[in-house]
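A.B. asks: Taking numbering that gives the first Met the number 0, the leading residue of the sequence shown gets 0, the next gets one more, and so forth.
From the three backbone atoms N, C-alpha and C, an ideal C-beta is built for every residue, glycine too.
This structure is a prediction, so every number in the text was calculated from the model and none was measured.
Sharing a structure here in structure tokens format.
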Amino acid sequence: MKRRAFVGAAGVGLAVSTLSGCSPAENCNQASGTDSSNKEVIKWTMVTTWPKGFQGLGEGAEYLAQLINKLSGGRMEVKVFGANEVVPAFEVFDTVAAGTAQMGHGAAYYWKGKLPIAPFFSAVPFGLNAQEMNSWLLKGGGLELWQELYAPLGLVPMPAGNTGVQMAGWFNKEINSLDDIKGLKMRIPGLGGEVFKRAGGTPELIPGAELFSALQMGRIDATEWVGPYNDLAFGLHKAAKYYYYPGWHEPGTTLEAIINKDALNALPADLQEIVKTACLMANGDMLMEFTDKNNTALKTLINEHKVDLRPLPEDVLKRFHELSKEVVAEQAEQDAISRKVYDSYTQFQQQVQPWHAISEQAFLGIR
Numbered sequence: 000m001k002r003r004a005f006v007g008a009a010g011v012g013l014a015v016s017t018l019s020g021c022s023p024a025e026n027c028n029q030a031s032g033t034d035s036s037n038k039e040v041i042k043w044t045m046v047t048t049w050p051k052g053f054q055g056l057g058e059g060a061e062y063l064a065q066l067i068n069k070l071s072g073g074r075m076e077v078k079v080f081g082a083n084e085v086v087p088a089f090e091v092f093d094t095v096a097a098g099t100a101q102m103g104h105g106a107a108y109y110w111k112g113k114l115p116i117a118p119f120f121s122a123v124p125f126g127l128n129a130q131e132m133n134s135w136l137l138k139g140g141g142l143e144l145w146q147e148l149y150a151p152l153g154l155v156p157m158p159a160g161n162t163g164v165q166m167a168g169w170f171n172k173e174i175n176s177l178d179d180i181k182g183l184k185m186r187i188p189g190l191g192g193e194v195f196k197r198a199g200g201t202p203e204l205i206p207g208a209e210l211f212s213a214l215q216m217g218r219i220d221a222t223e224w225v226g227p228y229n230d231l232a233f234g235l236h237k238a239a240k241y242y243y244y245p246g247w248h249e250p251g252t253t254l255e256a257i258i259n260k261d262a263l264n265a266l267p268a269d270l271q272e273i274v275k276t277a278c279l280m281a282n283g284d285m286l287m288e289f290t291d292k293n294n295t296a297l298k299t300l301i302n303e304h305k306v307d308l309r310p311l312p313e314d315v316l317k318r319f320h321e322l323s324k325e326v327v328a329e330q331a332e333q334d335a336i337s338r339k340v341y342d343s344y345t346q347f348q349q350q351v352q353p354w355h356a357i358s359e360q361a362f363l364g365i366r
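So this is what it looks like as structure tokens:
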């Protein structure tokens with residue numbers, strides 16, 4: 000299916016009542032309606048942390064909704080709202096937990112303040128890449144732990160996208176040493192933000208839709224977002240000159256579908272499986288999308304917009320790596336579930352790393 004066929008199908012500014020038959024203040028766990036054939040249609044609302052229809056991430060949410068609608072044979076109708084259309088980006092988690100919306104689409108590291116171990120299910124600095132992350136979640140017990148973490152809040156998480164390795168970010172000044180990190184204000188979420196703070200910087204958590212203005216107006220000195228494909232669309236090259244790599248803080252970022260548990264359990268068994276299967280299909284599709292589009296966008300940034308592409312200095316990366324070990328290890332001390340997640344993640348990384356050193360890594364080195 001081609002995303003462009005349905006992006007923008009829902010108009011900006013429509014109320015939740017238009018989509019689900021109830022107001023945002025009401026519990027809409029199982030809104031339903033009737034189609035022209037008098038068949039009952041289960042109507043769900045999906046709220047997201049991304050701007051409406053934004054390429055890559057926003058389109059990933061739209062793609063997931065369309066998959067559910069089509070795979071259900073029209074028995075379900077999922078409508079998508081972008082950040083601030085119904086709720087702000089960082090209220091998606093609570094909105095789905097409350098049952099005001101049946102689904103959300105975002106990234107687990109946004110909920111670090113609620114669940115300190117949640118970033119492990121999105122991105123860990125110097126951690127698992129996309130291939131390894133998918134393997135841990137789906138074969139190594141990671142998904143079961145993720146669902147255990149969210150269960151007390153009435154939520155069921157599923158992987159629903161992956162960006163692959165990201166960029167280190169956009170900077171309005173050169174980074175030549177660790178001294179240039181000190182005092183730098185940067186939009187950087189999750190565990191990477193804590194590492195950046197310990198290196199002397201000041202991390203900020205800002206929704207994607209506000210990044211350009213924050214960088215242009217001097218609220219921040221630097222920002223990471225995703226990679227060339229998304230960053231070009233946001234026009235970040237117009238607000239900062241220097242584009243640094245690699246994305247040490249996000250080596251294979253998993254995006255999530257957050258599903259209200261009561262809404263999911265109210266579905267017939269086959270529709271429950273369709274929702275989960277659609278999430279896994281969307282998870283793979285997004286990674287393919289970014290793999291396909293990133294280099295073309297990078298060439299545009301460099302050749303047309305004269306962006307200054309640079310690697311982070313080795314001493315900066317070395318210090319970030321040292322601090323990352325401290326930050327990641329500390330997450331295990333939060334509570335029993337945090338220890339389980341940390342042990343599972345780190346053991347899996349230790350298990351796959353030697354093989355990837357002589358397979359993926361070795362091959363890329365010679366290619």
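(1) Can the beta-carbon of L56 be found closer than 8 Å to that of N229?
(2) Give the straight-line distance between the Cα atoms of S343 and G141, rounded to the nearest whole angstrom.
(3) Taking 8 Å as the cut-off, decide whether the C-beta atoms of M102 and A208 are in contact.
(4) Would you decide whether P267 is buried or exposed? Buried here means 16 or more other CB atoms lie within 10 Å of its CB.
(5) For L70 and H236, what's the separation of their Cα atoms in angstroms?
(6) Quick one: Cα of K113 to Cα of V86, how far?
(7) From the DSSP secondary-structure annotation, give me the bridge partner or partners of V155.
(8) If you count every other CB in all the chains shown that lies within 10 Å of the CB of H248, and 16 or more means buried, which is it?
(9) With a CB to CB cut of under 6 Å and the five nearest residues on each side skipped, what residues in its chain are close to A88?
(10) Buried or exposed: which applies to D269, given that a residue is buried once 16 or more other Cβ atoms fall within 10 Å of its Cβ?
(11) How many Å lie between S337 and L148 at the Cα?
(12) Nearest to E325 by alpha carbon, out of L210, G191 and W224?
(13) Measuring only the C-alpha atoms, how far is G200 from T299?
(14) Curious, which full-length beta strand (DSSP E) runs of at least 3 residues does the region 43-85 contain?
(15) If you follow the alpha helix (DSSP H) that K138 is in, where does it begin and where does it stop?
(16) For S323 versus P202, is the C-beta distance shorter than 8 Å?
(17) Report the three-state DSSP secondary structure of G98 (helix, strand or coil).
(18) Sort out for me which residues DSSP pairs K324 with in a bridge.
(19) Can you have a look at S121 and say buried or exposed, based on whether 16 or more other CB atoms are within 10 angstroms of its CB?
(20) Given this structure, state the Cα-to-Cα distance separating Q360 from E76, to the nearest angstrom.
(21) For the region 240-254 against the region 162-169, do three or more pairs of beta-carbon atoms, one drawn from each stretch, fall closer than 8 Å, so that the two count as touching?
(22) Taking all protein chains shown into account, do 16 or more other C-beta atoms lie within 10 angstroms of the C-beta of M285, making it buried, or fewer, making it exposed?
(23) With a 10 Å radius around its C-beta and 16 neighbouring C-beta atoms as the bar for buried, classify F119 as buried or exposed.
(24) What do you get for A356, buried or exposed, if any count of 16 or more other CB atoms within 10 angstroms of its CB means buried?
(25) Could you check the C-alpha separation between Q130 and T94 for me, to the nearest Å?
(26) Could you tell me the alpha carbon to alpha carbon distance between V40 and A281, rounded to whole angstroms?
(27) What three-state label does DSSP hand F170 in the structure shown?
(28) Buried or exposed for W354, going by 16 or more other Cβ atoms inside 10 Å?
(29) Between D307 and L154, what straight-line distance do the alpha-carbon atoms span, to the nearest angstrom?
(30) Check A106 in the structure and name its three-state DSSP category.
C.D. replies: Per the coordinate set shown:
(1) yes
(2) 7 Å
(3) no
(4) exposed
(5) 39 Å
(6) 18 Å
(7) I258
(8) buried
(9) T48, A82 and P206
(10) exposed
(11) 9 Å
(12) G191
(13) 30 Å
(14) 75-80
(15) A129 to K138
(16) no
(17) coil
(18) K324 is not bridged to any residue.
(19) buried
(20) 43 Å
(21) yes
(22) buried
(23) buried
(24) exposed
(25) 31 Å
(26) 22 Å
(27) strand
(28) exposed
(29) 43 Å
(30) coil
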